[in-house]
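Enquirer: Just dropping this structure here.
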């Protein structure tokens with residue numbers, strides 16, 4: 016795989032400073048049952064990195080001591096971590112909102128037979144990756160058969176009440192472009208998704224999030240191999256909208272890697288750009304004092320234009336709707 020990280024420096028991206036911490040995003044490991052082309056984590060079935068029990072308990076201890084409102088679980092496929100269930104239960108016991116970034120196909124893994132029911136019982140918000148409503152596009156990005164598996168997963172979640180009015184069970188979908196271009200307007204695409212999924216499969220969901228592909232790791236390597244890296248970075252820079260700076264997710268969120276070390280966001284984690292805190296080279300979740308993050312500088316590089324291009328992009332979708 017071609018390394019694109021050195022192409023992201025130096026950068027003239029504007030300075031950013033932290034606000035009050037609201038969300039802790041935890042990467043439970045890089046193991047996944049899929050190997051998607053657009054994956055910025057380079058996750059896959061052969062990855063072995065996985066957060067251990069001690070680190071999971073340190074995350075729980077942090078939530079007990081600092082009033083974050085949301086726990087955002089990601090990976091890889093976060094559900095494949097053996098301590099996923101413990102972390103969800105403990106967070107919900109603390110009345111913390113839990114988000115599971117689910118690839119849908121994991122619901123059909125042999126050792127995840129009761130996963131959907133567990134998510135519903137604990138009122139976990141499911142953010143499900145479905146990069147298109149067309150089978151050809153999804154299978155092209157994620158592998159043959161993933162579209163049909165994803166549709167079965169959505170139907171299963173709907174049967175439990177997910178995505179239905181009044182159920183309290185949030186089901187949000189995620190769109191990623193299949194190539195080196197920006198997502199279309201989120202509201203228009205959401206309307207298309209609703210019509211397609213409802214009319215063809217009877218599927219309901221709450222919202223659609225559009226995410227810009229980041230020029231790092233697997234997608235960055237693909238861009239380089241196609242000779243498209245510079246053009247794509249120019250596209251992101253050219254579409255920069257300073258109005259998005261006030262809403263980027265790193266202002267109120269931290270990212271925790273599978274070893275417990277802290278980063279400003281999941282993308283910085285993949286680039287090994289650790290959180291700048293108290294003059295330490297690296298800060299561990301067990302060492303963090305949440306209040307001390309307010310006003311701290313956020314590390315930036317050229318990939319940050321991906322979050323601020325056009326309508327903007329974050330783990331919660333478009334910033335400027």
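Residue numbers (the numbering used here): 16 to 336. Glycine included, C-beta positions come from ideal geometry on N, C-alpha and C.
Under three-state DSSP, which class holds residue 18?
Expert: Residue 18 falls in the coil class under three-state DSSP.
Enquirer: With 7 Å as the threshold, decide whether the Cβ of residue 257 is near any Cβ in chain D.
Expert: Reference to chain D is not applicable here, since this structure consists of a single protein chain.
Enquirer: In angstroms, rounded to a whole number, what distance separates the CA positions of residue 176 and residue 23?
Expert: Roughly 43 Å separates the two Cα atoms.
Enquirer: In chain order, what residues of the same chain have a beta carbon less than 7 Å from the beta carbon of residue 211, not counting five sequence neighbours either side?
Expert: Once the five neighbours on either side are set aside, the close Cβ partners of residue 211 are 148.
Enquirer: Can the beta-carbon of residue 291 be found less than 7 Å from the beta-carbon of residue 312?
Expert: Cβ distance < 7 Å, so residue 291 and residue 312 count as in contact.
Enquirer: In the DSSP assignment, what are the bridge partners of residue 142?
Expert: Looking at the DSSP assignment, residue 142 forms a beta bridge with 116 and 187.
Enquirer: Leaving out the 5 sequence neighbours to the left and right, which residues in its chain are closer than 8 Å to residue 123 when beta-carbon positions are compared?
Expert: Once the five neighbours on either side are set aside, the close Cβ partners of residue 123 are 164, 167 and 168.
Enquirer: Have a look at 255, 256 and 231 and flag the residue whose alpha-carbon is nearest the alpha-carbon of residue 244.
Expert: For the residues 255, 256 and 231, the minimum Cα distance to residue 244 belongs to 231.
Enquirer: I need the boundaries of the alpha helix (DSSP H) containing residue 231, first residue and last residue.
Expert: Premise fails: residue 231 is in no alpha helix (DSSP H) and is neither H nor E.
Enquirer: Indicate the three-state DSSP secondary structure (helix, strand or coil) for residue 71 in the structure shown.
Expert: Residue state, collapsed to three classes: helix.
Enquirer: Counting beta carbon pairs with one atom in the region 128-146 and one in the region 182-199, are three or more of them shorter than 8 Å?
Expert: With a cut-off of 8 Å, the region 128-146 and the region 182-199 count as touching, because enough Cβ pairs lie within range.
Enquirer: Of all the options 119, 104, 94 and 150, which has the alpha carbon lying nearest to the alpha carbon of residue 126?
Expert: Per the Cα distances, 94.
Enquirer: At which residues does the beta strand (DSSP E) containing residue 268 begin and terminate?
Expert: 268-271 is the extent of the beta strand (DSSP E) around residue 268.
Enquirer: Considering just the uninterrupted stretch of the alpha helix (DSSP H) at residue 156, what are its terminal residues?
Expert: Residues 150-157.
Enquirer: From which residue to which residue does the beta strand (DSSP E) around residue 35 run?
Expert: From DSSP, residue 35 is part of no beta strand (DSSP E); its letter is neither H nor E.
Enquirer: Could you check whether residue 80 and residue 64 sit closer than 7 Å to each other, using their CB atoms as the reference points?
Expert: Cβ distance not < 7 Å, so residue 64 and residue 80 don't count as in contact.
Enquirer: Locate the beta strand (DSSP E) running through residue 63, then write down its first and last residues.
Expert: Note, residue 63: premise wrong, no beta strand (DSSP E); not H, not E.
Enquirer: Does the region 195-210 come within contact of the region 222-242, defined as at least 3 CB pairs closer than 8 Å?
Expert: As far as the Cβ criterion goes, the region 195-210 touches the region 222-242, which means the pair count is three or higher.
Enquirer: Going straight from the alpha carbon of residue 269 to that of residue 278, what length do you get?
Expert: In a straight line, the C-alpha of residue 269 is about 6 Å away from that of residue 278.
Enquirer: For residue 129, count the other beta carbons within 10 Å of its own beta carbon; 16 or more makes it buried, fewer makes it exposed. Which is it?
Expert: Exposed: under 16 other Cβ atoms inside 10 Å.
Enquirer: Taking only the alpha-carbon atoms, compute the straight-line gap between residue 55 and residue 49 and give it to the nearest angstrom.
Expert: Computed Cα separation, rounded: 13 Å.
Enquirer: Answer with buried or exposed for residue 284, where buried requires no fewer than 16 other C-beta atoms within 10 angstroms of its C-beta.
Expert: Answer is buried; the Cβ neighbour count reaches 16.
Enquirer: Look at the Cβ atom of residue 137, then the Cβ atom of residue 103, and state whether they are nearer than 7 Å.
Expert: Yes, the pair counts as a contact, with Cβ atoms nearer than the cut-off.
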